[in-house]
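J.:
Residue numbers (the UniProt record's numbering): 1 to 113.
1) How is residue 94 classed by DSSP in three states: helix, strand or coil?
2) Starting from residue 10, trace the alpha helix (DSSP H) both ways and give me its first and last residue.
3) Give a yes or no on whether the C-beta atoms belonging to residue 94 and residue 33 are separated by under 8 Å.
4) What's the gap between the Cα of residue 26 and the Cα of residue 60?
5) So, does the CB of residue 39 fall closer than 8 Å to a CB anywhere in chain B?
6) Suppose you measure from the CA of residue 36 to the CA of residue 56; what does that come to, to the nearest Å?
7) Could you tell me the distance, in whole angstroms, from the CA atom of residue 49 to the CA atom of residue 12?
8) Express the C-alpha separation of residue 28 and residue 71 in angstroms, rounding to a whole number.
9) With residue 79 as the anchor, note down where its alpha helix (DSSP H) starts and where it stops.
10) So what does residue 41 bridge to, in DSSP terms?
11) Report yes if the CB atom of residue 85 is closer than 8 Å to the CB atom of residue 19, and no otherwise.
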């Protein structure tokens, strides 16, 4: 097998692993950010990692652009990615991030197949 063919095969494997990683991270966020009524406790390091991966793979340059994409307030996203006194956020906000992660994985999977 030529180096070029090997590189394409490795790229396909990386794409498959990315899709798996996004789905696994979405599940981790869902499990770790526990629901408490209308709120969810937030795991800032996990949400920070997840949100920034979304931004990288969706080619979203700013938090402001992401807030428009997710239909969330800029302050809400900041609360999810920055360490602060806040321990909870509206449940629907975290749910939107989780859904967007699954959507990103699905679209990425569809495009590389």
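Where is the CB? At the ideal position from N, CA and C, for every residue including glycine.
T.: In this structure, then:
1) Three-state DSSP puts residue 94 in a helix.
2) Looking at the DSSP string, the run of the alpha helix (DSSP H) that includes residue 10 is 3-32.
3) With respect to the 8 Å criterion, residue 94 and residue 33 are classified as neighbours on the basis of their beta carbons.
4) Distance between the alpha carbons of residue 26 and residue 60: 18 Å.
5) This model lacks chain B altogether, as it is built from one protein chain only.
6) Computed Cα separation, rounded: 30 Å.
7) Cα to Cα, the separation comes out at about 23 Å.
8) So the two alpha carbons sit approximately 22 Å from each other.
9) Counting along the chain, the alpha helix (DSSP H) containing residue 79 begins and ends at 74-81.
10) Partner(s): 88.
11) Cβ distance not < 8 Å, so residue 85 and residue 19 don't count as in contact.
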